[in-house]
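Visitor: To start, I am sharing the structure in question, which I have written as structure tokens.
Residue numbers (the numbering used here), protein chains in the order written: chain A, 6 to 468; chain B, 6 to 468.
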């Protein structure tokens with residue numbers, strides 16, 4: 006079954022079955038959106054002759070061209086016949102957008118079984134049903150019916166996202182865009198009657214444009230196989246997983262949402278995926294945060310953190326988060342060397358005390374901060390620097406962003422920043438855009454450092 | 006010692022000792038900022054005759070007016086004499102902005118002892134040293150040297166914030182502004198040589214304009230007294246505390262930052278403050294989040310949560326967070342009544358399953374969402390509704406914000422929203438501005454619901 010998924014991500018020709026001339030209908034939204042993507046798109050609808058200027062066909066069989074990708078936007082009861090037509094025509098991939106399958110009771114489960122039957126032993130593959138499909142910035146493919154008019158799309162970049170929920174995928178894309186992070190592809194699995202996360206993990210494992218795989222799953226299509234495959238892939242490429250359905254209520258909700266059975270106890274899942282080297286995110290925000298860190302930095306080689314701040318309070322908050330990581334004992338506050346302390350003592354105002362966290366006080370200047378970072382990057386006892394990048398202090402300017410970018414992109418001790426500025430969102434984008442992994446709170450920065458350090462430990466263990 | 010603090014918050018006349026004509030100096034920034042605030046401000050500096058058009062005085066003794074508030078922006082070594090001059094003149098309050106006191110070694114501790122001595126037995130009170138002072142939107146007083154040009158200030162509103170860190174105070178103000186929440190006052194304690202959190206809690210307890218007290222503390226001035234006072238006040242007015250210095254490294258950092266000793270074990274602190282009815286925030290973001298919830302809703306009477314979403318994935322994520330609260334068992338997913346399920350079955354598309362979380366699917370419309378909220382508010386088995394307010398689905402419009410606002414402000418079951426929209430920040434502000442307590446992620450919404458429910462339980466227990 007694990008064939009080449011390439012035409013799914015970059016189809017030469019597309020048919021929209023259930024394309025509609027009525028604004029607001031899914032079949033209209035998706036057709037317009039795909040047509041705008043610059044590839045050949047054929048509308049299929051027996052009740053129309055033309056849609057948005059394109060000749061409309063009564064059936065996919067009538068389309069005078071081979072079809073790489075068909076999108077079915079019909080009520081579930083009508084979808085099965087369309088899928089059969091597509092199979093007969095030799096369509097390579099079908100995105101079944103329709104709901105009302107396995108997630109919707111006995112009748113729906115029966116319909117979903119018919120979909121599976123329709124492609125049995127044939128070349129045609131199905132994504133879905135109950136899915137928004139996919140978004141691939143590099144090839145301009147976008148089948149998501151929550152269109153760019155209603156939701157921000159990120160640029161092309163290093164993270165592949167695979168989601169069992171369309172809304173979580175949309176949220177991921179928006180948060181990625183807002184953090185300045187790019188994605189290689191976003192695939193919504195839906196009910197996963199054919200293509201599943203395992204096949205996509207295999208695909209993205211071999212995709213040179215993907216440096217990190219982010220997953221949202223409410224259940225595993227095959228838990229044991231997931232642990233095996235993810236464990237192999239994770240040695241080469243980081244995987245981050247948001248696995249919900251953790252609780253009884255969450256599990257029941259997941260079953261109703263995507264018809265999936267989340268049977269394993271969460272403790273079992275937790276142990277197995279950690280063993281496999283997969284990082285686990287607590288929510289959709291953390292999924293983006295950790296993916297950002299992985300795709301930019303890969304991993305960090307040790308857990309000795311030096312915190313540097315001009316805001317003493319943030320130094321204290323950060324130190325607490327670093328040292329609170331007692332359960333897995335990944336992080337500790339670095340012990341600065343004597344020469345580092347001496348150099349810091351020369352650089353810093355008389356009343357500041359050179360220890361870790363390094364409190365530069367509100368009297369700091371851009372130049373002092375630069376020299377302090379240089380000093381800390383030279384200390385072999387520091388594995389990673391957590392920089393509080395506050396632009397509010399009177400003596401600093403936006404030049405501090407360039408300093409952080411220059412220091413962070415050297416082949417020296419990695420720097421993660423927590424940004425605090427008047428125009429928080431814009432400044433954060435500017436900082437991440439300049440190549441620095443950055444977050445708006447210390448909690449989120451420390452969590453990402455923890456994931457990087459855990460990955461470093463995993464890689465040492467597994468070689 | 007617990008006199009009337011009113012002139013500190015609304016001084017009739019202000020002197021800035023160490024006012025400077027040199028742009029960029031603290032004495033210049035603060036003088037310009039205070040002068041712009043519309044009250045009488047006298048610059049004091051023996052080396053100048055005029056600053057920004059105001060006649061400058063060599064000493065505070067020379068100022069031809071009574072002074073309610075003096076701000077000292079001089080090196081620590083010069084500050085003590087100035088404070089003595091202020092005491093002799095009968096200045097009511099002095100904000101000692103200077104650093105280099107108790108946080109800066111033996112010499113600094115000696116200087117701080119001299120400050121304490123200077124006001125012993127006199128009427129004059131000191132805020133600080135090592136403090137940015139205070140911001141009071143209602144009276145236009147703003148001594149913070151991180152000025153509005155560099156940092157957003159929130160509007161006047163119901164939350165008083167008291168912080169041992171200037172930077173955390175600034176961060177609180179920015180986050181409050183960005184969440185559309187107003188503050189009654191923001192006070193930076195600094196080294197707390199005289200005025201401390203206890204006196205400020207007493208002050209804000211009696212302040213009609215304050216509905217919630219938010220505290221950032223690295224240590225308690227008197228832990229036992231704090232628990233006693235906070236316990237009394239919390240019966241009437243909610244208190245939220247971010248207490249850092251939790252860990253060894255955090256505690257050491259706190260000592261260096263504000264000269265404070267964080268001696269108690271965190272477990273002791275945790276138990277005592279919970280007993281006292283004080284909510285505990287995990288970081289500066291949660292401090293703002295919980296304050297927002299408390300000031301708008303006070304408390305919630307039970308922990309049975311109904312989650313409603315058009316994005317099934319968010320329903321699953323929310324259900325997991327609600328049910329993960331196993332440690333203190335405050336929250337559970339509400340069991341919907343038969344009549345509620347029946348009514349929902351009528352309102353919702355055929356393939357949606359009426360259970361909790363209520364999954365309205367991407368086919369939802371504004372009108373359906375409105376009727377669903379109405380139905381849920383009528384179910385006596387639901388204590389609080391967590392609404393996923395997603396504006397990306399094709400069938401909803403910004404009208405949904407008005408619907409949420411109307412439903413949330415009725416005297417019926419409280420509604421907390423999680424907002425998801427293309428223009429996330431702007432939409433979130435619009436939603437909170439319309440009177441709905443709202444957050445950008447389910448994790449944060451559920452955490453605030455938990456705090457509201459815990460407060461409800463505390464109030465029932467303590468009556």
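The beta-carbon is built from N, C-alpha and C at its ideal position, and this holds for glycine as well.
Note that the structure is predicted; figures quoted are calculated from it, not measured.
#1: Residues of chain B with a CB under 8 Å from the CB of residue 321/A: which are they?
#2: Which residues bound the beta strand (DSSP E) around residue 162/A?
#3: Quick one: which chain A residues come within Cβ less than 7 Å of residue 175/B?
#4: Taking its Cβ as the centre, do 16 or more other Cβ atoms sit within 10 Å of residue 160/B, making it buried, or is it exposed?
#5: Whole angstroms is fine: what's the gap from residue 492/B's alpha carbon to residue 366/A's?
#6: Short of 7 Å in beta carbon distance, which residues of its chain neighbour residue 326/B, apart from the five on each side in sequence? Order them along the chain.
#7: Under 9 Å between beta-carbons, which chain A residues line up against residue 429/B? List them in chain order, please.
#8: Taking only runs of the beta strand (DSSP E) that begin and end inside the region 201-254 of chain B, which ones reach a length of at least 3 residues, in chain order?
#9: Counting only beta-carbon separations shorter than 8 Å, does residue 317/A have a partner in chain B?
#10: Taking DSSP as the reference, what is the three-state secondary structure of residue 285/A?
#11: Excluding five sequence neighbours on each side, which residues of the same chain lie with their C-beta closer than 7 Å to the C-beta of residue 400/A?
#12: Label residue 27/B either buried or exposed according to how many other C-beta atoms from any shown protein chain fall within 10 Å of its C-beta, with 16 as the threshold for buried.
#13: Would you mind telling me which residues of chain B sit closer than 9 Å to residue 29/A, beta carbon to beta carbon, in chain order?
#14: For residue 7/B, collect the residues of the same chain with a Cβ closer than 7 Å to its Cβ; drop the 5 residues on either side in sequence, then sort them by chain order.
#15: Could you tell me whether the Cβ of residue 289/A comes closer than 8 Å to any Cβ of chain B?
#16: Quick check: the region 272-290 of chain A against the region 430-444 of chain A, are at least 3 beta-carbon pairs closer than 8 Å?
#17: What would DSSP say about residue 193/A, mapped onto helix, strand or coil?
#18: Quick one: any contact between the region 277-296 of chain B and the region 227-237 of chain B, if contact means 3 or more CB pairs under 8 Å?
#19: Put residue 453/B into one of helix, strand or coil per three-state DSSP.
#20: Would you kindly work out how many angstroms separate the C-alpha atoms of residue 303/A and residue 312/A, rounded to a whole number?
#21: For residue 179/A, does the three-state DSSP call read helix, strand or coil?
#22: Is it true that the region 164-176 of chain A meets the region 286-306 of chain A, where meeting means three or more beta-carbon pairs spaced less than 8 Å apart?
#23: If you draw a straight line from the C-alpha of residue 241/B to the C-alpha of residue 457/B, how long is it?
#24: Would residue 243/B pass as an interface residue toward chain A - the criterion being a Cβ-Cβ separation below 8 Å?
#25: Taking its Cβ as the centre, do 16 or more other Cβ atoms sit within 10 Å of residue 309/B, making it buried, or is it exposed?
#26: Residue 73/B by DSSP, collapsed to three states: which one?
#27: Exposed or buried, what is residue 80/B when buried is set at 16 or more other beta-carbons lying within 10 Å of its beta-carbon?
#28: Does chain A have any CB closer than 8 Å to the CB of residue 327/B?
#29: With 8 Å set as the bound, which would you pick, yes or no: does the beta-carbon of residue 6/B sit closer than that to a beta-carbon of chain A?
#30: Between 316/B, 99/B, 414/B, 360/B, which lies nearest to residue 85/B when the distance is taken from Cα to Cα?
#31: Using beta-carbon positions only, say whether residue 320/A and residue 221/B come within less than 8 Å of one another.
#32: If you draw a straight line from the alpha carbon of residue 134/B to that of residue 426/B, how long is it in whole angstroms?
#33: Report the residue from 158/B, 260/B, 387/B, 141/B whose alpha carbon sits nearest the alpha carbon of residue 343/B.
#34: Check residue 345/A in the structure and name its three-state DSSP category.
#35: According to DSSP, residue 395/A sits in a beta bridge with which residue or residues?
Guide: Walking through what the data contain:
#1: For this step, residue 321/A is matched to residue 316 along the first chain. The answer, in chain order, is 170, 223, 249, 250, 255, 258, 259, 262.
#2: The residue labelled residue 162/A in the question sits at position 157 within the first chain. Segment 161-168, the beta strand (DSSP E) holding residue 162/A.
#3: Mapped onto the second chain, residue 175/B falls at position 170. Those are 397, listed as they occur along chain A.
#4: Position 155 of the second chain, counted from the first residue, corresponds to residue 160/B. Looking at its Cβ environment, which holds fewer than 16 other Cβ atoms inside 10 Å, residue 160/B is exposed.
#5: As displayed, chain B neither begins before 6 nor continues past 468, which places residue 492/B out of reach and without an answer.
#6: Against the second chain, residue 326/B aligns to sequence position 321. Within the same chain, residue 326/B has close Cβ partners 447, 448, 451.
#7: By 1-based counting over the second chain, the position of residue 429/B is 424. Going along chain A in sequence order, the residues near residue 429/B (Cβ under 9 Å) are 157, 179, 180, 183, 430.
#8: Runs of the beta strand (DSSP E) inside the region 201-254 of chain B: 217-222, 244-248.
#9: On the first chain, position 312 is the one that residue 317/A refers to. Yes, its Cβ sits closer than 8 Å to a Cβ of chain B.
#10: Taking the first chain and counting its residues from 1, one reaches residue 285/A at position 280. Strand.
#11: Reading the first chain from its first residue, position 395 is the one you call residue 400/A. The residues 368, 369, 370, in chain order, have a CB closer than 7 Å to that of residue 400/A in the same chain once the five nearest residues on each side in sequence are set aside.
#12: Here residue 27/B refers to the residue found at position 22 of the second chain. Residue environment: residue 27/B is assigned as exposed (fewer than 16 neighbouring CB atoms within 10 Å of its CB, all protein chains considered).
#13: To locate residue 29/A, count along the first chain from 1; it is residue 24. Going along chain B in sequence order, the residues near residue 29/A (Cβ under 9 Å) are 399, 400.
#14: As a working note, residue 7/B is residue 2 in the second chain. Annotation note: pLDDT 39 at residue 7/B (below 50); position unreliable, coordinate value reported separately. Take residue 7/B, set aside five residues on each side of it, and the residues of its chain with a beta-carbon closer than 7 Å to its own are 204, 207, in chain order.
#15: As a position in the first chain, residue 289/A is number 284, starting the count at 1. With respect to chain B, the C-beta atom of residue 289/A has a partner C-beta closer than 8 Å.
#16: With a cut-off of 8 Å, the region 272-290 of chain A and the region 430-444 of chain A do not count as touching, because too few Cβ pairs lie within range.
#17: Within the first chain, numbered from 1, the residue matching residue 193/A stands at position 188. Residue state, collapsed to three classes: strand.
#18: The region 277-296 of chain B is in contact with the region 227-237 of chain B.
#19: Within the second chain, numbered from 1, the residue matching residue 453/B stands at position 448. Secondary structure of residue 453/B (DSSP, three-state): helix.
#20: Start at 1 with the first residue of the first chain, and residue 303/A comes out as number 298. Start at 1 with the first residue of the first chain, and residue 312/A comes out as number 307. So the two alpha carbons sit approximately 20 Å from each other.
#21: On the first chain, residue 179/A is found 174 positions in, with the first residue counted as 1. Correct three-state label for residue 179/A: helix.
#22: By the Cβ test, the region 164-176 of chain A is in contact with the region 286-306 of chain A, since at least three Cβ pairs between them sit closer than 8 Å.
#23: By one-based count along the second chain, residue 241/B stands at place 236. By one-based count along the second chain, residue 457/B stands at place 452. Those two C-alpha atoms are separated by around 14 Å.
#24: Within the second chain, the letter at position 238 stands for residue 243/B. Not an interface residue.
#25: Locating residue 309/B in the second chain gives position 304, counting from the first residue. Buried: at least 16 other Cβ atoms inside 10 Å.
#26: The count along the second chain starts at 1 and reaches residue 73/B at position 68. In the three-state reduction of the DSSP assignment, residue 73/B falls in the coil class, being assigned neither a helical nor a strand state.
#27: Along the second chain, read from residue 1 onward, the residue named residue 80/B stands at position 75. The residue in question, residue 80/B, is exposed, as its Cβ has fewer than 16 Cβ neighbours within 10 Å.
#28: Residue mapping note: residue 327/B aligns to position 322 of the second chain, counting from 1. Interface residue (Cβ-Cβ distance to chain A less than 8 Å): residue 327/B is classified as such.
#29: Residue mapping note: residue 6/B aligns to position 1 of the second chain, counting from 1. Unreliable placement is indicated for residue 6/B, whose pLDDT of 34 sits below 50; no coordinate value is reported for it.
#30: By one-based count along the second chain, residue 85/B stands at place 80. The shortest C-alpha separation from residue 85/B is found at 99/B.
#31: Reading the first chain from its first residue, position 315 is the one you call residue 320/A. Reading the second chain from its first residue, position 216 is the one you call residue 221/B. Cβ distance not < 8 Å, so residue 320/A and residue 221/B don't count as in contact.
#32: Taking the first residue of the second chain as 1, we reach residue 134/B at position 129. Taking the first residue of the second chain as 1, we reach residue 426/B at position 421. Using only the alpha carbons, I get a separation of about 44 Å.
#33: Counting from one through the second chain, the residue named residue 343/B turns up at place 338. Taking only the C-alpha atoms, the option nearest residue 343/B is 387/B.
#34: Here the question's residue 345/A lines up with position 340 in the first chain. In the structure shown, residue 345/A sits in a helix (DSSP, three-state: H, G or I).
#35: Here residue 395/A refers to the residue found at position 390 when the first chain is read from its first residue. Per DSSP, 425/A.
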